[in-house]
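Since the structure comes first, as structure tokens, the remarks are kept for the end.
Number of protein chains: 2
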Amino acid sequence: MKPVKIGICGLGTVGGGTFRVLEDNAELLAARAGAQLELIHIGARRDNPDCPVGDVRLSRDIFAVARDPEVDILVELIGGTTVAKELVEEAIRNGKHVVTANKALIAEFGNVLFAMAEQHNVAIRYEAAVAGGIPIIKALREGLAGNRIDWLAGIINGTGNFILSEMREKGRDFADVLAEAQALGYAEADPAFDVEGTDAAHKLVILAAIAFGTPLQFSDVYAEGITRLTPQDVSYAEELGYRIKHLGIAKQSAQGVELRVHPTLIPEQQLLANVNGVKNAVVVEGSAVGSTLYYGAGAGAEPTASAVVADIIDLARDLAVGQSPQLPALGVASAAIRKLPVIPMSEVVSPWYLRMEADDKPGVMSQVTSLFSAQGISIEALIQKAPSPGETRVPVIVLTNEAAQGCLDAAVKAIEALDSIVGKIMCIRVETLGS
Amino acid sequence: MKPVKIGICGLGTVGGGTFRVLEDNAELLAARAGAQLELIHIGARRDNPDCPVGDVRLSRDIFAVARDPEVDILVELIGGTTVAKELVEEAIRNGKHVVTANKALIAEFGNVLFAMAEQHNVAIRYEAAVAGGIPIIKALREGLAGNRIDWLAGIINGTGNFILSEMREKGRDFADVLAEAQALGYAEADPAFDVEGTDAAHKLVILAAIAFGTPLQFSDVYAEGITRLTPQDVSYAEELGYRIKHLGIAKQSAQGVELRVHPTLIPEQQLLANVNGVKNAVVVEGSAVGSTLYYGAGAGAEPTASAVVADIIDLARDLAVGQSPQLPALGVASAAIRKLPVIPMSEVVSPWYLRMEADDKPGVMSQVTSLFSAQGISIEALIQKAPSPGETRVPVIVLTNEAAQGCLDAAVKAIEALDSIVGKIMCIRVETLGS
């Protein structure tokens, strides 16, 4: 067995974690990989005081790692999609296998990078790009390979889940919890990436491509954030036996695929409803296996490093004996990848939760229900709350049966036009997740 | 790419499921494996009316499949440990790779079979042997390969979990629910295998060997069943904020490994506590990733077939291009496998739940607590219930802090000898699972 030689680009949070896991568990990793994993070259613009690189070669020009003839596997941990993309391309051109934790890079440029890697007969692995340390890519790509995947749904942004958990457990406002999440370092100074759903959309499109054998279609993902949610919605959902989670959902049907990220009411007895704090979890529905769930830390230096190192070991097993890793980037032979139409959101069907403010007077509910009925939408539950003291308006909560968004929007527009309804109606999708 | 040729031995429940998955998803599986998966030979003592074998060769002598020069992968689905062992050995001698769902075979004879397979340069895969369709073997062996595994704990017998779930939800007796489970086909006519913990012990020892890089040590597993549990225990546990689950637990420490299957109180907010019915779930604590959980169907024809087919696809990717699969049977190079001492149960430490019947008179509790104290055991909670009308005895529930079983046993023996304590004391371990 020859040693397998690793180059790491980026020595920040995840790079530092990966460095430490490779150092701390060196003997164990060699036993599992069947070969020594030798970190021989680090590319980093600045030192990381937690990572004493010793006599490992250190380059300030990260491209030197991609061109190092000794390096077998280049580990891209610099993030972003400009320099990172050039770096990965340079590594591929130089015959390096690539391991990356970069969800944006894979989601937005995976198609071209995977094609280029195949041409050069090298592998790209990206377990750490989705749900941190949870081996969900491996589960979907290999563990469930015997199944047609019908749908998957996941809590794949820990910051958003932390905020929703705090809102529910303590009745706090969105803005208040967000400020705390920023103070705790969970959320970026600009939190839009987390709370508007972009980060979840990146991860969702990667999971969907593996699940359905499609190209990565990031620009087709519908992403709706959690910024509009109020403590009232969280609390009413709970009264009705639901929890609100920010889910990434991908479904396959005869019409095509649904790719969507949005707040969602799910039944409280679902395991997914009980995933709290910054944790991630993904439910996958397979044709043979039924429902499986994967849960764990979705971010953080060491959990992400766990996934990065797992990818390195997988590659190293083959490289140590001079074999070529055979697993295709999406788990499907590239010739078999088929673009499927993404179903427009107006045609996507689900039950709905709606909350509106109505004048507390006779006849209003009858007007509202007839406008739903006009769109062919049936009502599962309608709760008119008592008015607060001195108020003449009451909150009205409606749970509908399944309705396409197009029909729902039309009904909502008509209801909002009623004199007795004040302001906008809050609309949140419901998913039963097979329960 | 050359087609990969499959032989299946056994066409019962799991064999039939595997046959159907291979047929139904043929095109998808070929895309994922990068080669056609051709079922060319079936060994079965009798036909399965749900499996029209068409022009696939059918042998009543299953050993004919192991000797078929065309077969690349032999799939052993006959169960048991006598003929199955001979069959797998014959397949290995004939250079076949082996996929099996047989937990007893791997748990009891894995060490010799893995060594023999390595000699003959073939692979043995057994994802379906633990937790049915949940890809837990793959997660532990590959997905978490970057971690030192500290412990794992799982609900790995669906029948037992169904019984405990029903006892909790409906206050039913063990015997009553067991009879229903037998009627539903969840439990065998002789249910000892499920409810006494043997089945869970088989699975636990497989998970532990992968997690810790040890040989399979089935005879060293402590197995305690759920037959003694009463609805009262289930209900008192709930009052205290716990659920009772039948867990397989493996822990690694400086002293060695713990391998144990027993009823366990776990905190109700743990995800594992909310796994109900026949489902399985396993929590794994890794040094880098922290806690991850894997959930799904632990049995059944199609879920088990899902795992079998995943193993076939993994092997097929390499075989299709004439490469040798490099993953060792336990995920660790055989030269690196180390036998670790199994810690005797008397030294295994945990908090405890105890229930006893005491005379309802002054001084009894003081006697009881002083006997715990004499063994160095401190008490976390002590609840004396009110006597039932007309009763002079009361149930007393005790939660202790951490105590080795040896000390606990000594205290229990002394307490049972008190005149004021009636009958035996019920003792159940508590695990916080890191919460």
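As they're listed, the protein sequences go chains A and B. No gaps in the numbering here: position 98 of the first sequence is 98 in the working numbering, and each next residue is one more. Numbers in the working numbering are just positions in the second sequence, counted from 1, shifted up by 1000. By construction, the Cβ of each residue, glycine as well, lies at the ideal position given by its N, Cα and C atoms.
Rounded to whole angstroms, what's the CA-CA distance from residue 1062 of chain B to residue 401 of chain A? Just pull it up for me.
One-based indexing of the second sequence puts residue 1062 of chain B at position 62. One-based indexing of the first sequence puts residue 401 of chain A at position 401. Rounded to the nearest angstrom, the two C-alpha atoms are 53 Å apart.
Kindly list the residues whose CB is nearer than 6 Å to the CB of residue 67 of chain A, restricted to its own chain and excluding five residues on each side of it in sequence; keep chain order.
In the first sequence, counting from the first residue as 1, residue 67 of chain A sits at position 67. Result list for residue 67 of chain A: 94, in chain order.
Counting along the chain, where does the alpha helix (DSSP H) carrying residue 269 of chain A start and finish?
The residue you call residue 269 of chain A lines up with position 269 of the first sequence. Counting along the chain, residue 269 of chain A falls outside any alpha helix (DSSP H), and DSSP gives it neither H nor E.
Under 9 Å, Cβ to Cβ, is there at least one residue of chain B near residue 293 of chain A?
Position 293 of the first sequence, counted from the start, is the residue given in the question as residue 293 of chain A. Answer yes: the Cβ-Cβ gap between residue 293 of chain A and chain B drops below 9 Å somewhere.
Cross-chain neighbours of residue 1241 of chain B in chain A, by beta carbon under 8 Å:
Within the second sequence, numbered from 1, the residue matching residue 1241 of chain B stands at position 241. Going along chain A, no residue has its Cβ under 8 Å from residue 1241 of chain B, so there is no contact; the nearest lies around 15 Å.
Hey, could you find the ends of the beta strand (DSSP E) residue 150 of chain A is sitting in?
Here residue 150 of chain A refers to the residue found at position 150 of the first sequence. Start and end: 149–155.
Say whether chain B places a C-beta atom closer than 9 Å to the C-beta of residue 323 of chain A.
As a working mapping, residue 323 of chain A is identified with position 323 in the first sequence. Judged by the 9 Å Cβ criterion, residue 323 of chain A is in contact with chain B.
At a Cβ threshold of 9 Å, is residue 332 of chain A touching chain B?
By 1-based counting over the first sequence, the position of residue 332 of chain A is 332. It does: the Cβ of residue 332 of chain A has a partner Cβ on chain B nearer than 9 Å.
Count the other CB atoms within 10 Å of the CB of residue 177 of chain A; is the residue buried (16 or more) or exposed (fewer)?
Here the question's residue 177 of chain A lines up with position 177 in the first sequence. Burial call: buried.
Runs of 4 residues minimum, wholly inside the region 1227–1277 of chain B: which ones carry the alpha helix (DSSP H) assignment?
1231–1239
Beta-carbon contacts of residue 1138 of chain B that lie in its chain and below 7 Å, excluding the five residues immediately before and after
Against the second sequence, residue 1138 of chain B aligns to sequence position 138. The answer, listed in chain order, is 1127.
Keeping to the same chain, check which residues put their C-beta closer than 7 Å to that of residue 1433 of chain B; ignore five residues upstream and five downstream.
Your numbering for residue 1433 of chain B matches position 433 in the second sequence. If the five residues before and after residue 1433 of chain B are omitted, its C-beta is found closer than 7 Å to the C-beta atoms of 1153, 1266, 1270, 1272, 1283, all from its own chain and listed in chain order.
Taking 6 Å as the limit between beta carbons, can you name the residues of its chain near residue 277 of chain A, skipping five residues before and five after?
As a first step, residue 277 of chain A is located in the first sequence; it is residue number 277 there, counting from the start. Only 162, 165 meet the Cβ criterion.
Looking at chain B, is there any beta carbon in it that lies within less than 9 Å of the beta carbon of residue 29 of chain A?
On the first sequence, position 29 is the one that residue 29 of chain A refers to. Yes - at least one Cβ of chain B is within 9 Å of the one on residue 29 of chain A.
Can you tell me whether residue 27 of chain A is buried or exposed, with buried defined as 16 or more other CB within 10 angstroms of its CB?
By one-based count along the first sequence, residue 27 of chain A stands at place 27. Classification for residue 27 of chain A: exposed.
Can the beta-carbon of residue 1224 of chain B be found closer than 9 Å to that of residue 1243 of chain B?
The count along the second sequence starts at 1 and reaches residue 1224 of chain B at position 224. The count along the second sequence starts at 1 and reaches residue 1243 of chain B at position 243. No, they are not a contact pair.
Taking a cut of 7 Å between CB atoms, which residues from the region 1301–1321 of chain B lie near chain A?
1302, 1303, 1305, 1306, 1309, 1310, 1313, 1314, 1317, 1318, 1321
On the three-state DSSP scale, how would you describe residue 1103 of chain B?
One-based indexing of the second sequence puts residue 1103 of chain B at position 103. Reduced to three states, the DSSP call for residue 1103 of chain B is helix.
Under a CB-based cut-off of 9 Å, is residue 1148 of chain B close to chain A?
The residue given as residue 1148 of chain B occupies position 148 in the second sequence. So, interface residue.
Let me check understanding here. Comparing Cα to Cα, which of A:60, A:70, A:103 lies closest to residue 81 of chain A?
Counting from one through the first sequence, the residue named residue 81 of chain A turns up at place 81. The candidate whose alpha carbon is nearest that of residue 81 of chain A is A:103.
Suppose only complete runs of 3+ residues qualify. What are the beta strand (DSSP E) ranges in the region 1026–1060 of chain B, listed by chain order?
1037–1043, 1057–1059
List, in chain order, every chain A residue whose beta-carbon is nearer than 7 Å to that of residue 1507 of chain B.
Lying outside 1001 to 1435, the shown extent of chain B, residue 1507 of chain B is not represented and no answer is given.
Could you tell me how far apart the beta carbons of residue 124 of chain A and residue 245 of chain A are, in whole angstroms, since I believe they sit closer than 8 Å?
Start at 1 with the first residue of the first sequence, and residue 124 of chain A comes out as number 124. Start at 1 with the first residue of the first sequence, and residue 245 of chain A comes out as number 245. Between residue 245 of chain A and residue 124 of chain A the Cβ distance is about 31 Å, and since that is not below 8 Å, they are no contact.
Against chain A: residues of the region 1030–1050 of chain B by CB proximity under 7 Å:
So the list reads 1031, 1032, 1034, given in the order they occur along the chain.
9 Å is my cut-off, CB to CB: does residue 289 of chain A come that close to chain B?
Along the first sequence, one-based indexing puts residue 289 of chain A at 289. The beta carbon of residue 289 of chain A falls within 9 Å of a beta carbon belonging to chain B, placing the residue at that interface.
Within this structure, are the beta carbons of residue 1140 of chain B and residue 1207 of chain B separated by less than 9 Å?
The count along the second sequence starts at 1 and reaches residue 1140 of chain B at position 140. The count along the second sequence starts at 1 and reaches residue 1207 of chain B at position 207. Yes, the Cβ-Cβ distance between residue 1140 of chain B and residue 1207 of chain B is below 9 Å.
Select from the region 1389–1405 of chain B all residues with a C-beta closer than 8 Å to any C-beta belonging to chain A, and list them in chain order.
For the region 1389–1405 of chain B, there are no residues whose beta carbon sits under 8 Å from a beta carbon of chain A.
For the candidate residues B:1096, B:1087, B:1324, whose alpha-carbon lies nearest to that of residue 1109 of chain B?
Translated into the one-based positions of the second sequence, residue 1109 of chain B becomes position 109. Among B:1096, B:1087, B:1324, the Cα nearest to that of residue 1109 of chain B is on B:1087.
Please confirm whether residue 127 of chain A has its beta-carbon closer than 9 Å to some beta-carbon of chain B.
For the purposes of this step, residue 127 of chain A is taken as residue 127 along the first sequence, with counting starting at 1. Yes, residue 127 of chain A lies at the interface with chain B (some Cβ there is under 9 Å from its Cβ).
C-beta contact flag for residue 1012 of chain B and residue 1073 of chain B at 9 Å
Here residue 1012 of chain B is taken as the residue at index 12 of the second sequence, counted from 1. Here residue 1073 of chain B is taken as the residue at index 73 of the second sequence, counted from 1. Result no, Cβ atoms of residue 1012 of chain B and residue 1073 of chain B do not sit closer than 9 Å.
Opposing strand residues paired with residue 433 of chain A [DSSP bridges]:
Here residue 433 of chain A is taken as the residue at index 433 of the first sequence, counted from 1. Per DSSP, none; premise fails for residue 433 of chain A.
Please work out which residues of its chain come closer than 8 Å, Cβ to Cβ, to residue 1293 of chain B, disregarding the five sequence neighbours upstream and downstream, and give them in chain order.
Taking the first residue of the second sequence as position 1, residue 1293 of chain B is located at position 293. So the qualifying residues of the chain are 1271, 1272, 1281, 1282, 1283, 1284.
Beta-carbon spacing of residue 1133 of chain B, residue 1023 of chain B below 9 Å:
Along the second sequence, read from residue 1 onward, the residue named residue 1133 of chain B stands at position 133. Along the second sequence, read from residue 1 onward, the residue named residue 1023 of chain B stands at position 23. No, these two residues do not count as a Cβ contact at 9 Å.
Measuring straight from C-alpha to C-alpha, what distance separates residue 1034 of chain B and residue 1091 of chain B?
Indexing the second sequence from 1 puts residue 1034 of chain B at position 34. Indexing the second sequence from 1 puts residue 1091 of chain B at position 91. About 24 Å.
What number of angstroms, rounded off, separates the C-alpha of residue 1431 of chain B from the C-alpha of residue 1234 of chain B?
Position 431 of the second sequence, counting from 1, holds the residue named residue 1431 of chain B. Position 234 of the second sequence, counting from 1, holds the residue named residue 1234 of chain B. Each residue's CA atom was taken as its position, placing residue 1431 of chain B and residue 1234 of chain B some 15 Å apart.
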